[in-house]
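**Student:**
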Amino acid sequence: MLKLDNVNLYYGVIHALKDISLEVSQGEIVTLIGANGAGKTSILRSISGLEQIKSGAITFKDSQINKISANKIVSLGLSHVPEGRRVFPDLTVRENLELGAYLRKDKGIIKSDMEMVFSKFPRLKEREKQRSGTLSGGEQQMLAIGRALMNRPAMLILDEPSMGLAPLVVKEIFNTIVQINKSGTTILLVEQNANMALAIANRAYVLETGKVVQSGDAKILLDDESIKNAYLGD
Numbered sequence: 001m002l003k004l005d006n007v008n009l010y011y012g013v014i015h016a017l018k019d020i021s022l023e024v025s026q027g028e029i030v031t032l033i034g035a036n037g038a039g040k041t042s043i044l045r046s047i048s049g050l051e052q053i054k055s056g057a058i059t060f061k062d063s064q065i066n067k068i069s070a071n072k073i074v075s076l077g078l079s080h081v082p083e084g085r086r087v088f089p090d091l092t093v094r095e096n097l098e099l100g101a102y103l104r105k106d107k108g109i110i111k112s113d114m115e116m117v118f119s120k121f122p123r124l125k126e127r128e129k130q131r132s133g134t135l136s137g138g139e140q141q142m143l144a145i146g147r148a149l150m151n152r153p154a155m156l157i158l159d160e161p162s163m164g165l166a167p168l169v170v171k172e173i174f175n176t177i178v179q180i181n182k183s184g185t186t187i188l189l190v191e192q193n194a195n196m197a198l199a200i201a202n203r204a205y206v207l208e209t210g211k212v213v214q215s216g217d218a219k220i221l222l223d224d225e226s227i228k229n230a231y232l233g234d
């Protein structure tokens, strides 16, 4: 479904991504793990068109997307939940969700999709008329994911969904990510909590200073001593 082939990205003279190649197949959860500054967020931003790569190719559903605009990429069925959630604080929960569907033409189905989001995140239903800036961090994360789902994406990319959240909320968010995947949405996940990410993923890529240094079955990497020592705090 998604393929990066020898992708290079620069920020000025800084070579941020160095010949990155990776694949995500339909129906998978794939996670990217690595220290801060390893290039994880840069990969996601390159995929969704927020950063322009210097060389290489990014293909989504057999279409090369690295030369088209971010809004066109969204219309192809790829939704990005950014680091820091980025909800619209002065708009209500419902208005944020409606914006998630702004490219859709099937207006009659949007209402049922909003109810689907509310069923996954009942707290959003309770707060649907509340300004999003007044929500807790966990509720804002739920809203950011819900807003992305309103695009009916074939693939969801998530950047640090657990950041700054209490452990019980993190567990709830991760359970929902698994449910979303089981309902048919492919997921690419960047997550500092490598234990939880590897526990739910099918496969994983390990990044260091802009390079993929290891990849494979997530459960195998979860038991890999070098991965444990570097990322899992064991």
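Quick note on UniProt numbering: the sequence shown kicks off at 1 and runs consecutively. No residue lacks a Cβ here, since even glycine has one placed at the ideal position from N, Cα and C.
Nearest by alpha-carbon distance to R127: which of S112, G100, L143, A16 is it?
**Tutor:** Ranking S112, G100, L143, A16 by Cα distance to R127 puts L143 first.
**Student:** Tell me the DSSP secondary structure of F121 in three-state form.
**Tutor:** The answer is coil: DSSP assigns F121 none of H, G, I, E or B.
**Student:** Any idea what DSSP makes of I227, helix, strand or coil?
**Tutor:** It is helical.
**Student:** Going by DSSP, which residues form a beta bridge with E83?
**Tutor:** According to DSSP, E83 bridges with nothing at all.
**Student:** Using the three-state DSSP reduction, which class does E160 fall into: helix, strand or coil?
**Tutor:** The answer is coil: DSSP assigns E160 none of H, G, I, E or B.
**Student:** When burial is assigned at 16 or more other CB atoms within 10 Å of the CB, is V87 buried or exposed?
**Tutor:** Result: buried.
**Student:** Using only the alpha-carbon positions, how far apart do A218 and R94 sit?
**Tutor:** Cα to Cα, A218 sits roughly 36 Å from R94.
**Student:** Does the Cβ of Q182 have 16 or more other Cβ atoms within 10 Å, making it buried, or fewer, making it exposed?
**Tutor:** In the sequence as displayed, the identity of residue 182 is Lys instead of Gln. K182 should be labelled exposed.
**Student:** Quick one: using the 10 Å Cβ neighbour count with 16 as the cut-off for buried, is Y102 buried or exposed?
**Tutor:** Exposed, by the Cβ-count rule.
**Student:** Can you give the Cα-Cα distance for D234 and L32, rounded to whole angstroms?
**Tutor:** Caution applies to D234, whose pLDDT of 45 falls short of 50 and renders its modelled position unreliable; the value that the coordinates give is listed next. Each residue's Cα considered, the two are about 19 Å apart.
**Student:** Report the rounded CA-to-CA distance for S79 versus M116, giving the unit in angstroms.
**Tutor:** Going by the C-alpha atoms only, they are around 17 Å apart.
**Student:** G27 by DSSP, collapsed to three states: which one?
**Tutor:** In this structure, G27 counts as coil in the three-state DSSP scheme.
**Student:** Decide if L168 is buried, meaning its Cβ has at least 16 other Cβ atoms within 10 Å, or exposed.
**Tutor:** When all chains shown are included, L168 counts as exposed.
**Student:** Just verifying my parser: in three-state terms, what is the DSSP assignment at E208?
**Tutor:** E208 falls in the strand class under three-state DSSP.
**Student:** Considering only residues of the same chain and omitting the five flanking positions on each side of L91, which have a CB-CB separation below 8 Å?
**Tutor:** Only L99, R131, S132 meet the Cβ criterion.
**Student:** Tell me whether V74 sits in a helix, a strand or coil according to DSSP, three-state version.
**Tutor:** V74: helix per DSSP, three-state reduction.
**Student:** V7 and G56 - do their beta-carbons sit closer together than 8 Å?
**Tutor:** In contact: G56 and V7 (Cβ atoms closer than 8 Å).
**Student:** Ignore the nearest five residues each way along the sequence and tell me which others in R45's own chain have a CB closer than 7 Å to its CB.
**Tutor:** Same-chain partners within the cutoff: E51.
**Student:** When we look at the beta-carbon of E225 and count the other beta-carbons within 10 Å, is it buried (16 or more) or exposed?
**Tutor:** Exposed: under 16 other Cβ atoms inside 10 Å.
**Student:** Under the three-state reduction of DSSP, which class applies to Q140: helix, strand or coil?
**Tutor:** Reduced to three states, the DSSP call for Q140 is helix.
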